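The block underneath contains the structure these notes are about, expressed in structure tokens.
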Amino acid sequence: MTLKVSHLLTNDMVLLDLENDSREGVIKEMVSFLKQRKKSIKEKDLYERLIQREELGSTAIGEGFAIPHCKVKSVRELSILLGISRKGVDFRSQDNKRSHVFFLVVSPPDNPSVNLQALAAIAHLIRKSKHLVKKIIKAKNINEVLTVIQDEEESLNE
Amino acid sequence: MKKKTVKIKNKLGLHARAAVKFVNMANRFASSIKIVKDGNEVDGKSVLGILTLAAVQGSEIELKICGRDEGMAMQALNDLINDKFQEKE
Chain P
742 MTLKVSHLLT
752 NDMVLLDLEN
762 DSREGVIKEM
772 VSFLKQRKKS
782 IKEKDLYERL
792 IQREELGSTA
802 IGEGFAIPHC
812 KVKSVRELSI
822 LLGISRKGVD
832 FRSQDNKRSH
842 VFFLVVSPPD
852 NPSVNLQALA
862 AIAHLIRKSK
872 HLVKKIIKAK
882 NINEVLTVIQ
892 DEEESLNE
Chain L
2 MKKKTVKIKN
12 KLGLHARAAV
22 KFVNMANRFA
32 SSIKIVKDGN
42 EVDGKSVLGI
52 LTLAAVQGSE
62 IELKICGRDE
72 GMAMQALNDL
82 INDKFQEKE
């Protein structure tokens with residue numbers, strides 16, 4: 742596995758304390774945060790596509806994680822935003838658990854393989870990490886969050 | 002044990018929704034279902050496991066199915082992949 746979440750995620754792309762506690766609210770909050778960093782994004786279009794994608798089947802993968810994602814023409818490169826909700830959000834997860842850690846993945850439509858590689862990196866990180874959600878929620882600042890993720894990925898390679 | 006190498010045909014590859022469809026189909030069977038790609042073996046009943054493969058269009062995966070309904074499972078999963086997970090392209 743070449744691509745890692747810690748390579749894709751920068752410290753200006755972490756939303757430490759999501760305020761909303763509804764599915765729609767959390768998506769809206771992350772989209773407007775992303776818009777501040779990626780000016781080319783069409784906010785309403787991105788929001789609607791993400792909701793449409795959730796309607797096709799929840800991206801809440803279980804164990805407190807969700808990976809809302811879609812493709813939009815208004816981004817030139819893959820963008821990953823990490824949103825954290827301490828109280829948790831009902832994201833209609835199959836295991837009925839609230840989602841606390843959201844990896845928002847937005848990619849340009851012309852390169853499906855980049856999107857798959859990003860999803861693969863996230864899947865790698867979370868699939869064997871039983872306490873990762875707890876560790877991420879406990880982190881006091883953005884650098885701690887990034888360190889938790891980096892440490893987790895390094896331990897997977899051992 | 003049944004083994005078969007299958008090519009991913011849909012444009013988006015084994016993306017999240019396709020992986021969910023695969024898992025939902027796999028869960029209809031009692032057999033153990035493994036997918037191997039580039040030497041990595043994952044559980045065919047785990048969405049996250051499948052996503053780690055990053056199987057793009059044109060890539061080949063090997064299905065390894067073992068159990069009392071392995072023949073039916075192989076047929077159903079092979080059809081699902083060849084049917085492009087009911088996607089248009």
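Protein chains in written order, with the working numbering: chain P, 742 to 899; chain L, 2 to 90. Where is the CB? At the ideal position from N, CA and C, for every residue including glycine. Just so we're clear, the structure is a prediction, and the values are computed from it rather than from any experiment.
Whole angstroms are fine: how far does the CA of residue j sit from the CA of residue i?
| i | j | result |
| --- | --- | --- |
| LYS828 of chain P | CYS67 of chain L | 42 Å |
| ILE82 of chain L | PHE832 of chain P | 28 Å |
| ASN856 of chain P | THR53 of chain L | 12 Å |
| THR6 of chain L | VAL43 of chain L | 15 Å |
| VAL842 of chain P | VAL830 of chain P | 9 Å |
| SER47 of chain L | LEU775 of chain P | 30 Å |
| GLN835 of chain P | LYS779 of chain P | 32 Å |
| ARG868 of chain P | LEU756 of chain P | 22 Å |
| LYS928 of chain P | MET73 of chain L | Coverage of chain P is limited to positions 742 through 899, which leaves residue 928 of chain P absent and any answer about it impossible. |
| ARG764 of chain P | PRO809 of chain P | 10 Å |
| VAL21 of chain L | LEU49 of chain L | 9 Å |
| ILE863 of chain P | GLN76 of chain L | 30 Å |
| THR800 of chain P | LEU819 of chain P | 18 Å |
Per DSSP, residue i is paired with what?
| i | result |
| --- | --- |
| LEU823 of chain P | P:VAL755, P:PHE844 |
| THR6 of chain L | L:GLU63 |
| PHE806 of chain P | P:GLY803, P:VAL842 |
| ASP44 of chain L | L:LYS35 |
| PRO830 of chain P | The sequence given here places Val at residue 830 of chain P; Pro does not occur at that position. Partner(s): P:SER840. |
| LYS812 of chain P | P:SER848 |
Please check the pair residue i and residue j, which I expect to be a contact at CB under 8 Å, by giving their CB distance rounded to whole angstroms.
| i | j | result |
| --- | --- | --- |
| LEU787 of chain P | VAL772 of chain P | 5 Å |
| ILE36 of chain L | ILE62 of chain L | 5 Å |
| PRO853 of chain P | LEU15 of chain L | Rounded, the Cβ-Cβ distance is 10 Å, inconsistent with contact. |
| SER781 of chain P | ARG817 of chain P | 7 Å |
Shorter than 8 Å from the beta carbon of residue i to some beta carbon of chain P?
| i | result |
| --- | --- |
| VAL48 of chain L | yes |
| LYS12 of chain L | yes |
| GLN58 of chain L | yes |
| ALA55 of chain L | yes |
| LYS52 of chain L | With the sequence shown as reference, residue 52 of chain L is identified as Leu, and Lys is not the correct amino acid for it. It does: the Cβ of LEU52 of chain L has a partner Cβ on chain P nearer than 8 Å. |
Cβ-heavy atom distance between residue i and the ligand HEM below 7 Å?
| i | result |
| --- | --- |
| ALA56 of chain L | The ligand HEM is not part of the structure shown, which contains no ligands of any sort. |
Give the residues from the region 854-877 of chain P that approach chain L closer than 8 Å (Cβ to any Cβ), ordered along the chain.
SER854, ASN856, LEU857, GLN858, LEU860, ALA861, ILE863, ALA864, HIS865, ILE867, ARG868
Against chain L: residues of the region 796-830 of chain P by CB proximity under 8 Å:
Within the region 796-830 of chain P, the qualifying residues are LEU797, GLY798, THR800, ILE802, ILE808, HIS810.
Chain P contacts made by the region 16-27 of chain L, where a contact means CB separation under 8 Å:
HIS16, ALA17, ARG18, VAL21
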